[in-house]
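Peer 1:
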Amino acid sequence: MSWNLKLIAACGACLALGLAALFSGLRRAEEARENAVTWPSVEELALKDGYGRALSFLDEKLALHPNDALLHYYRARLNFSSGSGPAALRDADRAIALGYAQEISHLLKALVYGRLYGDWKKQAELASKALAFDPTYADAYLIRAEGLYASGDHAGCARDAAAFARLEAGSPDGWEYSLLCLEKLGDLAGAEAAGLKLLDLRPSSHAALWRLGRVHAARGLHKRAIKRYSEAIRLSGGRPQYYLDRARSCEAEGDLSCAAWDQASAMDWNEVASYATHYLVLGAAMHRVGELGPGLEAAQKAVSLSPLSPAAYRLRARLRAESGDAAGARKDLGKMIVLDPALAAEAAEISAALGAPASSRRSQ
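Position 73 of the sequence shown, counting from 1, maps to 1437 under our numbering, and the rest follow consecutively.
1. Could you pull out every unbroken alpha helix (DSSP H) segment of at least 4 residues lying fully inside the segment 1547 to 1574, listed in chain order?
2. Starting from the N-terminal side, write out each stretch of the alpha helix (DSSP H) that is 4 residues or longer and does not extend beyond the segment 1453 to 1501.
3. Return yes when the Cβ of Lys1485 is within less than 8 Å of the Cβ of Gly1449, no when it is not.
4. Could you name the residues of the same chain whose beta carbon sits closer than 6 Å to that of Ala1649, not counting the 5 residues immediately before and after it, in chain order?
5. Comparing alpha-carbon positions, which option in Glu1655, His1642, Leu1546 and Ser1687 lies nearest Ala1666?
6. What does the Cβ neighbour count give for Val1702, buried or exposed, with the cut at 16 atoms within 10 Å?
7. Please go through the segment 1639 to 1693 and give each complete alpha helix (DSSP H) segment of 4 or more residues, from N-terminal end onward.
8. Cα separation between Pro1604 and Asp1457?
9. Buried or exposed, going by whether 16 or more other CB atoms sit within 10 Å of the CB of Tyr1481?
10. Would you please state the rounded distance, in angstroms, between the beta carbons of Tyr1541 and Ala1509? I believe it to be under 8 Å.
11. Could you tell me the alpha carbon to alpha carbon distance between Ser1492 and Ala1504, rounded to whole angstroms?
12. Whose CA, out of Gln1466, Trp1403 and Leu1506, lies closest to the CA of Asp1498?
13. When you compare only the Cα positions, how much space is there between Leu1418 and Val1579?
14. What are the boundary residues of the alpha helix (DSSP H) that Ser1729 is part of?
15. Where does Ser1621 fall in DSSP's three states?
16. Could you give the C-beta distance for Ala1662 and Gly1647, rounded to a whole number, given that I count them as a contact under 8 Å?
17. Rank Ala1675, Glu1547 and Gly1657 by C-alpha distance to the C-alpha of Ala1581 and give the top, closest one.
18. Skipping 5 residues on each side, what residues in its chain have a beta carbon closer than 8 Å to that of Arg1588?
19. Could you check if Glu1713 is buried or exposed, using at least 16 other CB atoms within 10 Å of its CB as the buried criterion?
20. What first and last residue would you give for the alpha helix (DSSP H) that runs through Leu1363?
21. Taking C-alpha atoms, which residue in His1436, Ala1474 and Phe1421 lies nearest to Leu1462?
22. What distance in whole Å lies between the Cβ atoms of Val1406 and Leu1442, which are believed to be in contact at a cut-off of 8 Å?
23. Between which two residues does the alpha helix (DSSP H) holding Pro1604 run?
24. Expressed to the nearest angstrom, what Euclidean distance is found between the alpha-carbon atoms of Asn1431 and Met1631?
25. Could you work out which residue in Cys1614, Asp1609 and Pro1671 is closest to Tyr1639 when comparing CA atoms only?
Written out as structure tokens, the structure is:
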């Protein structure tokens, strides 16, 4: 074989080896890509087979790669999602120690302390630490705003909500916290502006409509408030607080019938119907509009829920009196005086309006 042929053969062999190495490298990269663990894949596994299976999957991966910070972060996030706070904190600390994105890991710890433990000040503190690593991290402003709102720092909450809104202009979340925090601060004009922006971004949010209605009501704009509450009720199918707030605005506008029947609608929920005070309000509202039957039912319910309440007996006495049940009214007045002797003069006035008892008329 001539020198040229040997050279050509050698070059061909080198090229073949080079191509083999290239294809081997590409195959390994493809295998690594196929075997890569991503959070969406972990989340999908948890939804499909449960948190236990997803944790086992990550444990298997960590047994092979114990210093993979990303896997520790994923396990921390999974433990947070399943409500296991201590395990989430351990894994987040391990991810931090291994150098994984500090701002993300600290923010996850913030969520554990706030949403799992109710330590909102700690949530705000750890969100601040995340921002120290990355002052442009939008989610950290939002999570800190949540912590500050829950811990009563409404001014700080408003600042962070505004910062998030600047960084994430298309997200409604920053405007939602702006509305909440500015309302608490008494900045009703600012809260209204935030609420309108929130509705621009989330027009079908019945909660946003309700909150904006509350701002209108606080400004004395009850007609606007009623419109917002009505739309919130239409979109949600009704919520007890929506009816109760609309009832207050209806009463402020002089629409006592609307107020009475909205109060009645709120009674469909146990969190309202379990309290005598709501039945007292309902009974009084029905009394004002001449609905004696529904009013008397409400008064009777108030008495059954709070048998030591003089106000309940007073309301039922008045309703019984106007319904023609003089004997029942007198009985309630007697009970009212026993429970609160200071009401004796009022009882005497109601009793006098009833006229003489039947037994007294027969003896004359």
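Each residue gets a CB set at the ideal place from its N, CA and C atoms; glycine is no exception. Note that this is a predicted model, so its numbers are computed, not measured.
Peer 2: Based on what the coordinates show:
1. Annotation note: the segment 1547 to 1574 contains the following uninterrupted alpha helix (DSSP H) runs of length 4 or greater, listed N- to C-terminal: 1552 to 1565.
2. Fully enclosed alpha helix (DSSP H) runs of 4 or longer: 1466 to 1475 and 1484 to 1497.
3. No, they are not a contact pair.
4. Hits under 6 Å: Ala1623, Ala1624 and Gln1627.
5. Of the residues Glu1655, His1642, Leu1546 and Ser1687, the one whose Cα lies closest to the Cα of Ala1666 is His1642.
6. Exposed is the call here.
7. Taking 4 residues as the minimum length, the alpha helix (DSSP H) runs contained wholly in the segment 1639 to 1693 are 1640 to 1652, 1656 to 1669 and 1674 to 1686, in order along the chain.
8. If you take the alpha carbons of Pro1604 and Asp1457, they lie about 43 Å apart.
9. Burial state of Tyr1481 is exposed, judged by a 10 Å Cβ sphere holding fewer than 16 other Cβ atoms.
10. Right, their Cβ atoms sit about 5 Å apart.
11. Rounded to the nearest angstrom, the two C-alpha atoms are 7 Å apart.
12. Looking from the CA of Asp1498, the closest CA among Gln1466, Trp1403 and Leu1506 belongs to Gln1466.
13. For clarity, residue 1418 is Ala in the given sequence; the question names Leu instead. Whole-angstrom Cα-Cα distance: 45 Å.
14. This structure gives no information on residue 1729, because the portion of the chain shown stretches from 1365 to 1728.
15. In this structure, Ser1621 counts as helix in the three-state DSSP scheme.
16. That pair is a contact at about 4 Å.
17. Comparing Cα positions, the closest option is Glu1547.
18. Excluding residues within five positions, the ones whose Cβ falls inside 8 Å are Gly1577 and His1580.
19. Around the beta carbon of Glu1713, a 10 Å sphere encloses fewer than 16 other beta carbons of the protein chains shown; the residue is thus reported as exposed.
20. One cannot answer for residue 1363 here, as it falls past the ends of the chain, which runs 1365 to 1728.
21. Of the residues His1436, Ala1474 and Phe1421, the one whose Cα lies closest to the Cα of Leu1462 is His1436.
22. Cβ-Cβ separation between Leu1442 and Val1406: approximately 6 Å, consistent with a contact (criterion under 8 Å).
23. Element bounds for Pro1604: Pro1604 to Ala1616.
24. Per the coordinates, the alpha-carbon of Asn1431 lies some 57 Å from the alpha-carbon of Met1631.
25. Restricting attention to Cys1614, Asp1609 and Pro1671, the CA atom closest to the CA of Tyr1639 is found in Pro1671.
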